[in-house]
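Asks:
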Amino acid sequence: MASLLEDFAAAALRHPEQVAIVDGKGRETTFSQLKSRADGLARAWGAQGIAKGDRVLLAMHLDADLYASLAALWSLGATVVLPEPAMGLAGLRHAAKVAGVTAFCSSGLYGLLKFALPELWSLRHLRPRIKPDAPFDGITPSADDIALISFTSGTTGAPKAIPRSHGFLSAQHHAIAPLLASPVPERDLVAFPVFVLINIASGQTSVLPNWKMSRLGQLKAATLGDWVSRQKVTRALIPPALCEKLAKTDIPASLHTVFTGGGPVFPDMLDALRVAKPGLEVICVYGSTEAEPIAHLDAKDITQDDLAKMKIGGGLLVGHPVEDLGIRIVAGEIQVSGAHVNGGYLDPRHDAENKTHDGETIWHHTGDAGVFDPQGRLWLLGRMGSDVVVQGRPLFPFSVEVAARGWQGVTQCALIATQTGACLVIEGDADHMAEWAAHAATFEALDVKHVAKIPMDKRHGSKVDRVALAEIERGG
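Sequential numbering of the sequence shown, starting at 1, is according to the UniProt record's numbering.
1) Can you tell me whether residue 102 is buried or exposed, with buried defined as 16 or more other CB within 10 angstroms of its CB?
2) What does residue 281 pair with, by DSSP beta-bridge criteria?
3) Rounded to whole angstroms, how far is the Cβ of residue 318 from the Cβ of residue 282, which I believe are closer than 8 Å?
4) Which residue's Cα is closest to the Cα of residue 325: 337, 333, 331?
5) Measuring CB atoms only, is the region 218 to 233 touching the region 256 to 276, in the sense that at least three cross pairs come out at less than 8 Å?
6) Taking the CB atoms as reference points, tell me whether residue 293 and residue 285 lie closer together than 8 Å.
7) Could you please give the first and the last residue of the uninterrupted beta strand (DSSP E) stretch that includes residue 206?
8) To the nearest angstrom, how far is the alpha carbon of residue 92 from that of residue 109?
9) Output needed for residue 125: all residues of its chain with C-beta closer than 6 Å, excluding positions within five of it in sequence on either side, in chain order.
10) Hey, how far is the Cα of residue 53 from the Cα of residue 217?
11) Can we say the region 438 to 445 touches the region 464 to 476, given the rule of at least three CB pairs closer than 8 Å?
12) Compute the Euclidean distance between the alpha carbons of residue 210 and residue 453, then round it to the nearest angstrom.
13) Use the C-beta contact count for residue 421: other C-beta atoms within 10 angstroms, 16 or more gives buried, fewer gives exposed.
14) Where does residue 346 fall in DSSP's three states?
15) Among 251, 398, 295, 186, which one has its Cα closest to the Cα of residue 261?
16) As an exercise, report each continuous beta strand (DSSP E) stretch of at least 3 residues that is fully enclosed by the region 303 to 357, in chain order.
17) When DSSP builds the beta bridges, which residues end up paired with residue 449?
18) Mind checking which residues open and close the beta strand (DSSP E) that includes residue 365?
19) Taking the CB atoms as reference points, tell me whether residue 82 and residue 58 lie closer together than 8 Å.
20) Mind checking residue 308: buried by the 16 CB within 10 Å criterion, or exposed?
21) Considering only their Cβ atoms, is the gap separating residue 161 from residue 347 smaller than 8 Å?
22) If you compare alpha carbons, which of 223, 354, 205, 362 is closest to residue 181?
23) Once the 5 residues before and after residue 61 are set aside, which same chain residues still bring their CB inside 7 Å of it?
24) Less than 7 Å between C-beta atoms, sequence neighbours within five positions excluded: which residues of the same chain meet that for residue 123?
25) Please state the DSSP three-state secondary structure of residue 215.
26) Please look up how many angstroms separate the CB atoms of residue 240 and residue 225, rounded, as I've assumed it's under 8 Å.
27) Using the rule of at least 16 other Cβ atoms within 10 Å of the residue's Cβ for burial, across every protein chain shown, is residue 448 buried or exposed?
28) Check whether the region 30 to 44 and the region 2 to 18 touch, using three or more Cβ-Cβ pairs below 8 Å as the test.
29) Is it right to say residue 265 is buried, meaning 16 or more other beta carbons lie within 10 angstroms of its own, or is it exposed?
30) Counting beta carbon pairs with one atom in the region 164 to 179 and one in the region 187 to 202, are three or more of them shorter than 8 Å?
31) Could you give the first and the last residue of the continuous beta strand (DSSP E) run that contains residue 173?
32) Would you identify the three-state DSSP class for residue 15, choosing helix, strand or coil?
33) Thinking just about the alpha-carbon of each residue, which of 142, 237, 149 is nearest to the one in residue 187?
34) Do you know how far the Cα of residue 268 is from the Cα of residue 69?
35) According to DSSP, residue 188 sits in a beta bridge with which residue or residues?
36) For residue 437, which option in 472, 410, 463, 130 has the closest C-alpha, if you only look at C-alpha atoms?
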């Protein structure tokens, strides 16, 4: 199986003049330019001694240079360390401490961090400067060589470092590529870095965000709509929080498909997109940091019976598991295995929490509760341990939240346990409080409380931050 590096080189040969990346300032970089840039950076950094065994921490702007740098470092045999961007400087310092980095690569003002953070003082400093043409023979990484070290979001504790081998990234490419396959060139608005890598390897154009992903709450719907229109975007690969904003815009005629994931995809959001643009195709993708993708669902395949089941507490439908994936449910938890499922963490001590070895098969514990229906489709119930006890029986969040989001006036909601019992916390128009209480009564002993704002995760703004919400409830 070819590596992403080899697939990228092949794509550059097939489509040299096709645009590979459009950055947030509208600057276009073709595949041949991106490949030339990557080769030039590799020559420069190879002259600085970067080689196989180095781990290089990246702090760069989201632009073509970031992806050229990835290719350059891989062609030298180095491992790239990507800090969790949602954590800011804390994420950078955490990555420097736990990933065994040997060099720091920066662009723009990020270079000042080399002098500001003690964790970076002793590291070699790489800047994206091109070395003039000179003989350069890149290496071909083996499938087992570590290509990337990234991190979990850290919402349930310190972020865990996840090593991703070249073989893993290639397997992930081949798991995702069929989902994104198109017989014609597309212009994809991509808010997930891994999908940019897939597009580069597949020869498709990626339009990068012109906003900070760490500040999704501040992004205006009109700004998103304008960017999609100006860049003639044909497909959008965005989290549910951005889908909600997209639904509030005049969706351009060029946009025909939305792929969304990184958080629960609720039926009310799908309805809003359909109303905003009838005929828009929406594909829901379920996965995790350690295993992407796990399942997918074409929104048009959701039946009235499915919707009725979701309204009475059946959970959230996420569709059929992808091919070449082992999947099982053990004690209510979804577990997965396969070539594009991460086999272990950088710190083996974390494996005990999330991995089970069954002979040569490594099962990853997703931490999600779920069930299969008779059609073999997967339904999510919520995170393991997030259930609350109602009338002596466990009730998972999605059993209530999926239904509640369809109630009039509800913007966001979360089922949590409080000192007085199970409570459905609702953000929305409080004039509907009596109506909400009547609906909640169908779920038995369930209190309803209105709040001005429910905190969401920092990575994609699409999952309720239940830890932060619990702290708010304890304090208020």
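Heads up, the beta-carbon is just placed ideally off N, CA and C, and yes, glycines get one too.
Replies: Looking at the atomic coordinates:
1) In the sequence shown, counting from the first residue as 1, residue 102 sits at position 102. By the 10 Å Cβ count, residue 102 comes out buried.
2) Numbered from 1 along the sequence shown, position 281 holds the residue referred to as residue 281. Answer by DSSP bridge pairing, in chain order: 257.
3) By 1-based counting over the sequence shown, the position of residue 318 is 318. By 1-based counting over the sequence shown, the position of residue 282 is 282. Distance from residue 318 to residue 282 at the Cβ level is roughly 13 Å; contact not present, criterion being Cβ atoms closer than 8 Å.
4) In the sequence shown, the residue the question calls residue 325 occupies position 325. With distances taken between Cα atoms, residue 325 lies closest to 337.
5) No, they do not touch.
6) Working through the sequence shown from its first residue, we reach residue 293 at position 293. Working through the sequence shown from its first residue, we reach residue 285 at position 285. Less than 8 Å separates the beta-carbon of residue 293 from that of residue 285.
7) Within the sequence shown, residue 206 is the residue found at index 206, counting from 1. Residue 206 -> beta strand (DSSP E) spans 205 to 207.
8) The residue given as residue 92 occupies position 92 in the sequence shown. The residue given as residue 109 occupies position 109 in the sequence shown. Looking at the two C-alpha atoms, the distance is approximately 15 Å.
9) Working through the sequence shown from its first residue, we reach residue 125 at position 125. Excluding positions up to five away in sequence, the list reads 104, 114.
10) Within the sequence shown, numbered from 1, the residue matching residue 53 stands at position 53. Within the sequence shown, numbered from 1, the residue matching residue 217 stands at position 217. Each residue's Cα considered, the two are about 39 Å apart.
11) no
12) For the purposes of this step, residue 210 is taken as the residue at position 210 of the sequence shown. For the purposes of this step, residue 453 is taken as the residue at position 453 of the sequence shown. The straight-line gap from Cα to Cα measures roughly 26 Å.
13) Residue numbering aside, residue 421 sits at position 421 when the sequence shown is read from its first letter. Burial call: exposed.
14) Translated into the one-based positions of the sequence shown, residue 346 becomes position 346. Reduced to three states, the DSSP call for residue 346 is coil.
15) Numbered from 1 along the sequence shown, position 261 holds the residue referred to as residue 261. Answer by Cα proximity: 295.
16) 316 to 321, 326 to 330, 333 to 337
17) In the sequence shown, the residue the question calls residue 449 occupies position 449. Looking at the DSSP assignment, residue 449 forms a beta bridge with 425.
18) The count along the sequence shown starts at 1 and reaches residue 365 at position 365. From DSSP, the beta strand (DSSP E) with residue 365 extends over 361 to 372.
19) Reading the sequence shown from its first residue, position 82 is the one you call residue 82. Reading the sequence shown from its first residue, position 58 is the one you call residue 58. Taking 8 Å as the Cβ cut-off, residue 82 and residue 58 qualify as a contacting pair.
20) Locating residue 308 in the sequence shown gives position 308, counting from the first residue. By the 10 Å Cβ count, residue 308 comes out exposed.
21) Residue numbering aside, residue 347 sits at position 347 when the sequence shown is read from its first letter. Residue numbering aside, residue 161 sits at position 161 when the sequence shown is read from its first letter. Against a cut-off of 8 Å, the Cβ pair of residue 161 and residue 347 comes out as a contact.
22) Here the question's residue 181 lines up with position 181 in the sequence shown. That would be 205, whose Cα lies nearest to the Cα of residue 181.
23) As a position in the sequence shown, residue 61 is number 61, starting the count at 1. Within the same chain, residue 61 has close Cβ partners 107, 108.
24) Locating residue 123 in the sequence shown gives position 123, where the first residue counts as 1. Answer for residue 123: 101, 102, 103, 104, listed in chain order.
25) As a working note, residue 215 is residue 215 in the sequence shown. DSSP places residue 215 in helix when its eight states are reduced to three.
26) In the sequence shown, counting from the first residue as 1, residue 240 sits at position 240. In the sequence shown, counting from the first residue as 1, residue 225 sits at position 225. Rounded, the Cβ-Cβ distance is 17 Å, inconsistent with contact.
27) The count along the sequence shown starts at 1 and reaches residue 448 at position 448. Counting Cβ neighbours within 10 Å, residue 448 comes out buried, since at least 16 surround it.
28) yes
29) Taking the first residue of the sequence shown as position 1, residue 265 is located at position 265. By the Cβ-count criterion, residue 265 is buried, with 16 or more other Cβ atoms from all chains shown falling within 10 Å of its own Cβ.
30) yes
31) For the purposes of this step, residue 173 is identified with residue 173 of the sequence shown, where counting begins at 1. For residue 173, there is no enclosing beta strand (DSSP E); the residue is found in the alpha helix (DSSP H) stretching over 166 to 180.
32) In the sequence shown, counting from the first residue as 1, residue 15 sits at position 15. DSSP places residue 15 in coil when its eight states are reduced to three.
33) Working through the sequence shown from its first residue, we reach residue 187 at position 187. The residue with the shortest Cα to Cα distance from residue 187 is 237.
34) As a position in the sequence shown, residue 69 is number 69, starting the count at 1. As a position in the sequence shown, residue 268 is number 268, starting the count at 1. So the two alpha carbons sit approximately 40 Å from each other.
35) Position 188 of the sequence shown, counted from the start, is the residue given in the question as residue 188. Answer is 206, 235.
36) Within the sequence shown, numbered from 1, the residue matching residue 437 stands at position 437. Residue 410 is the option with its Cα nearest to residue 437.
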